[in-house]
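Position one of the sequence shown corresponds to residue 2 (our numbering), numbered consecutively onward. All C-beta atoms, glycine included, are put in the ideal place defined by N, C-alpha and C. Note that the structure is predicted; figures quoted are calculated from it, not measured.
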Amino acid sequence: MASLEPLKLSVAVIPGEDRPGSVAVRVTLENVSTQKVRLLDAFEPDTLPVFFRVHLQREDGSPVLEVRGGGKADPLHSNIKYIDLAPGQTFSLTLNLADFLTDPDAMKPGRYQLTVTYFNQYGENCFHGRVTSAPLEFVIPQ
């Protein structure tokens, strides 16, 4: 069954972008509708953007990382900027999961599962709602 959401969110490990104990991932929002989709431009480099939730767990289901962006914006802020995605167009950002860990040794060799959710309720004529990636399974080698 096809999704009725105008956005698709996907996540992928970026090969060669990792350092010991970390994993870099690319988070991509794709306009899968036939009309323009507008996003609130609240994506800060090197920080978890406010409208994302990141959930990382080990193969056995034990949580490693649960980070929620603030999900709040000042609707009266005069410098609000937008990203307009034409049909089929994408917007991507890179996150290094290690940047959000409180325990730098939390990511040990093994199998992991990552899901990312984008959610927003702000902005003029913007996408309002939530969309979650399919679970991404990956391995941190020995």
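- Its Cα nearest to that of Phe120, the residue Leu41 stands out among Leu41, Ser93, Ala99.
- Rounded to the nearest angstrom, the Cβ distance from Leu98 to Leu57 is 6 Å, consistent with a contact under 8 Å.
- Comparing alpha carbon positions, the residue from Arg27, Ala25, Lys37, Phe44 closest to Pro7 is Lys37.
- Going by C-alpha positions, Arg39 is about 36 Å away from Ile141.
- By the 16-neighbour rule on beta-carbons within 10 angstroms, Gly89 is exposed.
- Between Ala107 and Val65, the C-beta spacing is below 8 Å.
- Nearest neighbour of Pro110 by Cα position, chosen from Glu60, Ser11, Leu10, turns out to be Glu60.
- Residue burial annotation: Glu125 is exposed, with fewer than 16 other C-beta atoms found within 10 angstroms of its C-beta.
- For Asp104, the three-state secondary structure derived from DSSP is coil.
- Between Phe139 and Val24, the gap from beta carbon to beta carbon is short of 8 Å.
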